[in-house]
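Notes for the one structure printed next.
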Amino acid sequence: MSAEPPGQASAPSGEEPEEGSSRAEVSSFLREIARAPSLAAQRLLPPALRAPSPFVGTRLGRFRIEACIGAGGMGEVFRALDESLQRPVALKLLTSVDHARDEVIAEARRAAAARSPFIISIYEVGEVDGRTFIAMEYLEGDTLRSRLARPTPMLGVLQMAKALAGAVADVHRSGILHCDLKPENVVVLAGGHLKLVDFGLACPIGGREPPRGGTRRYMPPEQGRGEPLTPAADLFALGVMLCEAWLGGLPAPGEREPGCLASTIRARARRAPRRERRGAVQLADVLARCLEVEAGRRWSDANALLAALEAVDTHSSRLHPGLAVLAGLVPLLAAGGLWLAHSRGSLNATHERRVVQGATGVADARLSHDGQRVAWIDGRRLSIRRLEPLSTSSIDLPEGVSPRGLEWMPGDQALVVADASGLWLVGGDPPRRISRRVCRDIALSPQGKWLACLDDEGLRRIPVDDGDEKLLLARIEGESLDGLSWSPDGGQIAYGRWRWGAGSRVTLESVSVDAEKRLVLFEGGELVAPAPRAGLFFSWAPDGRILYASYLRSPTGFDCELRALSVDLQNGKAQRSEPLKGLGPGTVSGLQATLGNRLALLRSTTRFQTYWAPLLEGGGLGALRRLTQGDGNERPCAFTEDGKGLLLMTDVDGSWDLHLRRLGSEEAAPVVRGPEDTTFGQFVDAHHLLYWSLPAVGIGEQQWAWVLRRPLEGDVPIVVRRTDKGLTRFRCEAFGERCLWGELEGADLVLSDFSAVDGRDLGRRWRITGVGEHAHQFAVSQDLSRVAVSRPGGTTAMLGLASGFSRMVELDRSCELGSAAFSSDASSLFVVADCWTEPAHRLYRVAWDGAATMVWSDDVTALSSPVASADGRFLALSVHDRRTDVSVATLEP
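Okay, so the sequence shown: first residue is 686 according to this note's numbering, each after it adds one.
Shown next, in the form of structure tokens:
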């Protein structure tokens, strides 16, 4: 293979290697890079022994070379900064100029095809200014040896076994055997992710030549005899390592024979506490099979071992496996273990630092596992900010990909992003699509094996590389699922469940990764965000508690408080909920707790500005004109009868009031003032209006509301209706005395008419079936003859109440439809849409015959609350100005 021309750098080749050659070349290259001590354990070479290098402090293309960290037979290895992605890399500069250099380059490109989170990643091979380089993952962490000073609890050993078995399985899938597994060759990175290093003895699976050498205490008998090796060889070494962890060291040399070691751990298991004895005995049997002298009597492969480990009983312990695993793994997998071990009291958040300020279009943000970088979705870009020193870069996404969710992969070298075309792995290697599933929310398991995905069908798990996709929880009509977070041990997925209609409520629940166990963790009104579908914001912290944003009504609107929830995962009962102290005020629109005691927060503020535009002949929309003055926070409710004024919901010191503003005027006259929130006012004649009044309620109290009738000139309102049935809406005939009342019954929207004068029922009812959670997005024409309901998949249902006519109109399946309004003559419908594809924000005009036209669009500005004037001349809209800050804080007991 020829080298790239000088001055150019090339990504690893995307060619598919031939099966017969790829495994040998991968193992050959891994052996070569293992000769550089910096790549096996990059912190082992003392600074005093590192010879000064003229390259330190210089640049090679986009790489800034910071320090020399080792040298091998083919060149020097440096720690460098990739300035385009703002990430550290291990940069190897090759010094050889003969054919050996070309062989190493070819093998590096083959190794780059061996995608595995457990093998050092090869980012790029290329040539700049005549110097050939290999850019690789920079490893920084401790070896497992440094964490095995004392015995590890059984549940900790089990969790470690699962992680290591998964790592070995991934290595074997790449077609190679490690052949030198031992604690010194397992690096524990920040966040607890494991990386296997030192492939100096690696050989291809099925190879006839066994490696020469190895570490005798971990070496299987057949390797010592010089026989060809199978995957069972690595499982033998893995079994010895796990026994060492469980026992706190290996027995005396005379007792290290496989049979003696198996007897020792079985005796240890029989002495385990009663609550965990059954699982301990099962684990001992699993490990004993790894230690069989004959390779054919061991587990057939790492996947079989992993399945056996998954079957070990952990339910008999009074301590949930997730918490027990943490108790055992804290000394192993995380710095900051003292905090985890003693953090069952109250928590404080300190040293909050704002790292992104006032950004627009932020859909999601995530802190890397090592706490050094924040990635966030900035409109249609994926931006990354390095915290020390502060710098910003972006990641190139595949053409047309518009991310709506993201997760860091273990090791922080790549991210998973969700968009309308599926799930993508980006950063490092060329982007690749993991799945074509369209997920509106995602969460990555701690080990990086599974993605939890919420889509229109429910909650499912999706493999990042290998594994079976499985629908864990089907969505039920009348309910919706929102928010995702994995338990620290990767065994449970927490989610929020909304139940709409009468008695609507929100619960925080979990489902096991195999779908066998479901729990209701918490139920309470304080989980509800300030508006329907505004989102549930929670994160399962490493110490087992769930941090969540609590929204409570107050005289000034909604107060947001972060709280920590302790849960008994045996029975699903919430034990206590305590405030998280030390954070500044402000609403929270996202949070993430990570290992290393870090907390990332999204704080968003949205202001609503009212605009209006003339309706043009032919169905178009004229230029939008701003009606809101200054920084006012206003949303349109209804036009006056002459079409020259608007009734507005206005935010006054956190409480919504009603004001009247004439088009083109800078003055707004107050119509209804608090102390309650007064919203969604509508004129019922030239002198009266109806509106909602929402009184403040305490924690756990049933939310209820009044519909009041008030004269425009006068101070005494009349109570027309009172409701405590959760989601309800009403729409009144334009300047008439009849209104429609809408509420949910199960998954159905039920409409009834009532008098706008005294609230009495007028006796007619209509039932629209199968509406479910989307019932809050329905519109009624001004003569009350027609209804439209937004539905999933970018579809709106249009119905004639008198004729019984109905029509389904699909606008765009990549869109979620929002609020809507009929034109004054009910001939067409204006529908707001937020979409995954360009343009992101749209306004459609849908004719009664089903013809649809996009009359407005923008990639940044979002719309809501369309209102048409009764004379058919104008349309008013609410324009969203959403600003987001991203901050990082430290959690302390």
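Glycine included, every Cβ here is placed at the ideal spot set by N, Cα and C.
When you compare only the Cα positions, how much space is there between residue i and residue j?
i     : j     : result
E942  : V873  : 28 Å
E1092 : I1127 : 8 Å
A725  : L881  : Bear in mind that the predicted position of A725 carries a pLDDT of just 38, short of 50, making it unreliable; the figure below should be weighed with that in mind. Spanning the two alpha carbons is a distance of roughly 9 Å.
T1575 : L1345 : 47 Å
W1541 : P1299 : 13 Å
R1568 : T1291 : 6 Å
P1578 : L778  : 46 Å
H1565 : S769  : 32 Å
E761  : G755  : 6 Å
R1452 : Q1462 : 16 Å
D1063 : V1041 : 11 Å
E977  : G851  : 20 Å
D1140 : V842  : 35 Å
R764  : K1266 : 39 Å
R1395 : L1374 : 6 Å
F884  : L862  : 9 Å
P1148 : L1136 : 6 Å
R1450 : L1379 : 26 Å
L1330 : R1476 : Checking the displayed sequence, the identity of residue 1330 turns out to be Gly instead of Leu. Their Cα atoms are separated by approximately 32 Å.
R1117 : S806  : 15 Å
R1611 : E1430 : Residue numbering for the chain in the displayed model covers 686 to 1578; residue 1611 lies beyond these limits and cannot be assessed.
A1323 : G1304 : 21 Å
G860  : T743  : 38 Å
G1479 : E1501 : 5 Å
R1071 : H1054 : 13 Å
Looking at the strands, I want to know which residues DSSP matches up with residue i.
i     : result
L914  : BP columns for L914 are empty, so no partner.
T817  : E812
Q1177 : S1197
D1316 : DSSP, once it has assigned bridges, lists no residue as partnering D1316.
N1033 : K1266 and E1577
E1526 : Residue identity differs from the one stated: residue 1526 is His in this sequence, not Glu. In DSSP, H1526 forms a bridge with D1519 and D1543.
R1394 : L1375 and I1403
V1111 : L1100
S1488 : Paired residues: none, contrary to the question.
W1225 : I1231
I1147 : L1136
H1344 : L1333 and P1355
L1548 : V1564
I890  : I890 is not bridged to any residue.
What distance in whole Å lies between the Cβ atoms of residue j and residue i, which are believed to be in contact at a cut-off of 8 Å?
i     : j     : result
I1069 : Q771  : 5 Å
L994  : A846  : 5 Å
G1046 : T999  : Not confirmed; about 43 Å, so no contact.
A1353 : L1333 : 7 Å
S1440 : S1504 : Not a contact, Cβ separation roughly 26 Å.
V1191 : R1182 : 7 Å
W1595 : R1407 : The first residue shown for the chain is 686 and the last is 1578, placing residue 1595 beyond what the model contains.
S1466 : A1511 : 4 Å
I1178 : L1144 : 7 Å
V1516 : V1531 : 6 Å
L1484 : V1472 : 5 Å
Does the separation of the CB atoms of residue i and residue j fall below 7 Å?
i     : j     : result
L1158 : V1123 : no
A917  : R983  : yes
C1245 : T1272 : yes
A1487 : V1474 : no
S1499 : A1105 : yes
V1573 : R1038 : yes
R1089 : G933  : no
P1227 : P1173 : yes
L972  : L927  : yes
L1268 : L1247 : yes
E822  : Q1098 : yes
A854  : A989  : no
A1506 : H1526 : no
C1417 : V1369 : yes
Does any C-beta atom of chain D lie closer than 7 Å to the C-beta of residue i?
i     : result
R1058 : Included in the structure is just one protein chain, with no chain D present.
Legend entry - the segment 1106-1121 / the segment 1073-1087 touching (three or more Cβ pairs under 8 Å): The segment 1106-1121 makes contact with the segment 1073-1087, as at least three CB pairs between them are under 8 Å.
Legend entry - Segment contact flag, the segment 805-818 with the segment 902-919, C-beta cutoff 8 Å, min 3 pairs: no
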